[in-house]
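Residue numbers (full-length UniProt numbering), protein chains in the order written: chain R, 1 to 222; chain Z, 1 to 258. Quick notes on the structure that follows.
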Amino acid sequence: MFDFLQGYDVLGAFWTTVQLTLLAAAGSLVWGTLLAAMRVGPVPLMRGFATVYVNTVRNIPLTVIILFTSLGLANTLGVTLGAKGVIDTLNFRLAVLGLVAYTSAFVCEVIRSGINTVPVGQAEAARAIGLSFSQVLRLVVLPQAFRSSVGPLANVLIALTKNTTVAAAIGVAEAATLMRTMVEKEAQLIPIAAIFALGFVILTLPTGLILGWVGKKVAIKR
Amino acid sequence: MTEVSVAKEDVAATGELVVLKSVNKHFGALHVLQDIDLTIARGEVVVVIGPSGSGKSTLCRTINRLETADSGSITIDGEALPQEGKELARLRADVGMVFQSFNLFAHKTVLENVMLGQIKVRKADKKKAEEKARALLDRVGVATQADKYPAQLSGGQQQRVAIARALAMDPKVMLFDEPTSALDPEMINEVLEVMQQLARDGMTMIVVTHEMGFARSAANRVVFMADGRIVEEAAPDQFFSNPRSDRAKDFLSKILHH
Ligand SMILES: Nc1ncnc2c1ncn2[C@@H]1O[C@H](COP(=O)(O)OP(=O)(O)OP(=O)(O)O)[C@@H](O)[C@H]1O
Ligand SMILES: [Mg+2]
């Protein structure tokens, strides 16, 4: 019944999807947190930069950003990200870069609203015992902001998992790319679509369930 | 260099610990602190009293630079408050602050709350910091709560932890901004007792409070503020029984009758 799967590396394609997701998630968590720190920080230039960044990037379609990394950065400006000519590797890295650039804007906003749940009095008390701005952020505000951000971050992560399919636009061999190939060559359209749909559900459902549970577990009692 | 050390000796000789000279502060068009002159001697306990909105909290917050003054000078133990930065953070650590709403770090245990500043600001090692934290928690009577989180404590207990957290920095002066106003009546005394003990131990204290019992028994001086100005300063007994200004008379008649 599943003969049509012969000759296609479905698991391999999903593995690429997982890799795209995990690398982009790690990158956007770091960059998004830095952006959030800039947005609440005392330096007007950084505040301005982060605000403009978030509001611009959030409003550009992801496809445009991914195409820009490929056409703009790689083809025009010659950015190679250390990839040695292998088109696949380069495109994979560009896709991660594009996904990070895009997703970090959403991570930033999640962290920022997490920061807003921390009573301002705690930051003042932290300053009053002599902690510097970055210490206040690292030791008091962000640990609490992260805890209340787990649930919303799960949504961002799920969206990111699905967004990795946009990497197909620059030829990364992830799940959606393989699906398109199979749809062109095979007759069993509905089973193919079902298998790929199931694949994404298998990836995203546990994310939501596990992070939802973690979020409740680490929630701060006030 | 000689000039500086002479200046410091003068300060030590006169025993002036906190000195405010014509301090002004605006919030937009609102002139919240108007030409405040205030000198607090080492070991002195000063109670600040006055109607809502008179600038008492702002005064406290300006003394450790949670708010910046627009003009005038503030010195702590002879040192002027610097601009933002490392120096300011260090000086802030010398000024303990206790807030109306406790403001304990919600994600840290009581013990960790009292250890954090010692480790990160005073660079104490963990073991020493823990010993000191436990001793302080014992002193304020919450030693048995050390491993709980703030939300598991009563308001009175939380406020005593907040006092221990401030004391852990070995501050030169302690500021209290209405430390008992958010507490249920039955918890007010346990906090006031800790503060009274602190006063007896010789801590320099600036206390914004309407607790007249505390003012009478622990304060050396009462400072009455209204509309951003210091209207009257007197010994507690004299102030409560025989206020000179009309503003003070009016205010006292209101808080005595509620
Ligand atoms: N951050 C701020 N921005 C604008 N106005 C402020 C700010 N903080 C305080 N004010 C105003 O400054 C005035 C003095 O406030 P402050 O909190 O110092 O008064 P207070 O004497 O402590 O009053 P209370 O007894 O109600 O605590 C008030 O009119 C208040 O509304
Ligand atoms: Mg106040």
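A virtual CB, placed ideally from N, CA and C, is assigned to each residue, including glycine. Everything numeric in this text was worked out from a predicted model, so none of it was measured.
Distance cutoff 8 angstroms, beta carbons only. Does residue i sit that close to anything in chain Z?
i	result
residue 36/R	no
residue 86/R	Here the model assigns residue 86/R a pLDDT of 47, short of 50, so the residue's position is not dependable and the matter cannot be decided.
residue 219/R	no
residue 144/R	yes
residue 109/R	no
residue 125/R	yes
residue 139/R	yes
residue 115/R	no
residue 132/R	yes
residue 128/R	yes
residue 147/R	yes
residue 188/R	no
residue 151/R	no
residue 222/R	yes
residue 226/R	The structure shown does not extend to residue 226/R, since chain R spans only 1 to 222, so no value can be given for it.
residue 121/R	yes
residue 6/R	no
For residue i, does the three-state DSSP call read helix, strand or coil?
i	result
residue 2/Z	Note on residue 2/Z: pLDDT 37, under 50, position unreliable in the model; no value is reported.
residue 79/R	coil
residue 245/Z	coil
residue 2/R	coil
residue 221/Z	strand
residue 119/Z	helix
residue 282/Z	With chain Z covering only 1 through 258, there is no way to say anything about residue 282/Z.
residue 18/R	helix
residue 24/Z	strand
residue 129/R	coil
residue 32/Z	strand
residue 9/R	coil
residue 147/Z	coil
residue 30/R	helix
residue 86/R	For residue 86/R, the predicted structure reports a pLDDT of 47, less than 50, and the residue's modelled location is therefore unreliable. A value from the coordinates is still provided. Note: residue 86/R maps to coil in three-state DSSP.
residue 259/Z	Lying outside 1 to 258, the shown extent of chain Z, residue 259/Z is not represented and no answer is given.
residue 41/Z	strand
Verify the contact flag: residue i, CB atom, against every heavy atom of ligand 1, threshold strictly below 7 angstroms.
i	result
residue 75/Z	no
How is the alpha helix (DSSP H) around residue i delimited, first residue to last?
i	result
residue 200/R	189–218
residue 108/Z	Careful: residue 108/Z lies outside any alpha helix (DSSP H) and carries neither H nor E.
residue 155/R	142–163
residue 175/R	175–185
residue 188/Z	185–200
I'd like the span of the beta strand (DSSP E) that includes residue i, first residue to last.
i	result
residue 233/Z	229–234
residue 137/Z	Premise fails: residue 137/Z lies in the alpha helix (DSSP H), 126–139, not in any beta strand (DSSP E).
residue 175/Z	173–177
residue 204/Z	204–208
residue 74/Z	71–76
residue 60/R	Here residue 60/R belongs to no beta strand (DSSP E), and DSSP marks it neither H nor E.
residue 47/Z	45–49
Can residue i be considered in contact with ligand 2, in the sense that its beta carbon sits closer than 7 angstroms to one or more heavy atoms?
i	result
residue 70/Z	no
residue 67/Z	no
residue 184/Z	no
residue 94/Z	no
residue 178/Z	yes
Kindly say whether residue i, judged by its beta-carbon, lies nearer than 8 angstroms to any beta-carbon of chain R.
i	result
residue 120/Z	yes
residue 66/Z	yes
residue 200/Z	no
residue 136/Z	no
residue 116/Z	yes
residue 187/Z	no
residue 107/Z	yes
residue 151/Z	yes
residue 154/Z	no
residue 148/Z	no
residue 97/Z	yes
residue 101/Z	yes
residue 93/Z	yes
residue 86/Z	yes
residue 169/Z	yes
residue 275/Z	Chain Z is shown only over 1 to 258; residue 275/Z falls outside these bounds and no answer can be derived.
residue 89/Z	yes
Is residue i a contact residue of ligand 4, with contact defined as CB to any heavy atom under 7 angstroms?
i	result
residue 118/R	No copy of ligand 4 appears in this structure; the ligands present are ligand 1 and ligand 2.
Checklist line | Residues near ligand 1, criterion Cβ-heavy atom distance below 5 angstroms | finding: 27/Z, 32/Z, 52/Z, 53/Z, 54/Z, 55/Z, 56/Z, 57/Z, 58/Z
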